[in-house]
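*Asks:*
Residue numbers (the UniProt record's numbering): 1 to 108.
Structure follows, in structure tokens:
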């Protein structure tokens, strides 16, 4: 784990991590946090684990880009027994990108 991922994951475990604080000015960062929350809920993660997972997805996206996020989510979901196609993940990422744009423009 890189230093940034460790920092976000540590804050997530102490309930200090807030997607709004780390994603306030970045549409892709907000999208990635939302994607982590979406996928974590599909995998039925408890709230404590959900926050950590969303932080990991958020951090990995800032370092790797959206293709890596799609691959991570698709792999994690299928590994957890959630049958979902890669195309469905791509579609959801697009939807969450639009949501992130709306959320950030609403706060201006």
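Glycine included, each C-beta is placed from N, C-alpha and C at the ideal position.
Please list the segments of the beta strand (DSSP E) lying wholly inside the stretch 19-90, counting only runs of 3 or more residues, in order along the chain.
*Replies:* List check, beta strand (DSSP E) in window: nothing returned.
*Asks:* Take the Cβ of residue 76 as the centre, count every other Cβ of all protein chains shown within 10 Å, and call the residue buried at 16 or more, exposed below.
*Replies:* The residue is buried, with at least 16 neighbouring Cβ atoms inside 10 Å.
*Asks:* Please state whether the Cβ-Cβ distance between residue 36 and residue 67 is less than 8 Å.
*Replies:* No; because the gap between Cβ atoms is not below 8 Å, this pair is not in contact.
*Asks:* Of all the options 70, 74, 83 and 85, which has the alpha carbon lying nearest to the alpha carbon of residue 97?
*Replies:* Looking at the Cα atoms, 70 is the closest of the given residues.
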